[in-house]
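Below: one structure, written as structure tokens.
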Amino acid sequence: MIGDRWGVSSSETSRSYPCDEFVTSPALQAWRGVSVQAPADAVWPWVAQIRLAPYSYDWIDNLGRRSPREPAGLPEPRVGDRFTTAGGRELGRIVAVSPGRDLTGVITGAFMSYVLVPEEAGTTRLLLKVVMQTNRWAAAALSVGDLVMARRQLLNMKLLAERHSSRPPEQAR
1021 MIGDRWGVSS SETSRSYPCD EFVTSPALQA WRGVSVQAPA DAVWPWVAQI
1071 RLAPYSYDWI DNLGRRSPRE PAGLPEPRVG DRFTTAGGRE LGRIVAVSPG
1121 RDLTGVITGA FMSYVLVPEE AGTTRLLLKV VMQTNRWAAA ALSVGDLVMA
1171 RRQLLNMKLL AERHSSRPPE QAR
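Basically the numbering used here = 1-based index in the sequence shown + 1020.
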């Protein structure tokens, strides 16, 4: 499918993701990934902070409101919490979470799992898989649209995690 993969290896697309438990025969499967030059514990707060804002193109997804650029010190996400906020509206729900490792949410039938994979030298793979049961034409359009928005989201999270991870402790707060 057009736009179904960005920044991921074959092994990353063949692995199991928490969202797979919620949609057994998805018409849409899309994988995105980015390497972050920061340990997983520095990346996790940005994944968990998706509850506050979309972190993609704020002028589209967030009606011009800027996604926070500082950690908000939120409590750990829990199943049933809102998944994200966009344009001042709460969207979706968290359906699965393993703090520090993965977060899965659903918005209008699309299930999304963010997975952190620690690597050597304090780097982390930030992976995202999206699955949805829909018709094949809608799946193709959604895959392309998601590619644009999810790519920006992951790159923003990468930038913020790397920026805050490289600060001296007293500045990182």
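Glycine residues also receive a C-beta, built at the ideal position from the N, C-alpha and C atoms. Everything numeric in this text was worked out from a predicted model, so none of it was measured.
- Residue range 1030 to 1034 is occupied by the alpha helix (DSSP H) that includes E1032.
- Distance check between R1025 and each of D1101, A1050, P1059, Q1057 places A1050 closest, using alpha-carbon atoms only.
- Three or more Cβ pairs closer than 8 angstroms define a contact, and the stretch 1039 to 1058 falls short of that threshold against the stretch 1093 to 1111.
- The three-state reading of DSSP puts R1145 in strand, counting E and B together.
- Shortest Cα-Cα distance from S1185 to any of L1146, G1142, V1137 involves G1142.
- Membership of A1106 in any alpha helix (DSSP H) is not indicated; the residue belongs instead to the beta strand (DSSP E) covering 1102 to 1106.
- The continuous alpha helix (DSSP H) containing A1062 extends over residues 1060 to 1068.
- Setting aside the 5 residues that flank it on each side, T1033 is surrounded in the same chain by W1051, each with a C-beta closer than 6 angstroms to its C-beta; the list follows chain order.
- Note on R1086: under 16 other CB atoms within 10 angstroms of its CB, so exposed under the neighbour-count rule.
- The beta-bridge partner set that DSSP reports for T1124 consists of A1116, S1133.
- DSSP places A1073 in the coil class of the three-state scheme, outside both helix and strand.
- Nearest Cα to A1068 within the set G1053, A1170, R1121: R1121.
- Beyond the five residues adjoining it in sequence on each side, R1035 comes within less than 6 angstroms, by CB distance, of no other residue in the same chain.
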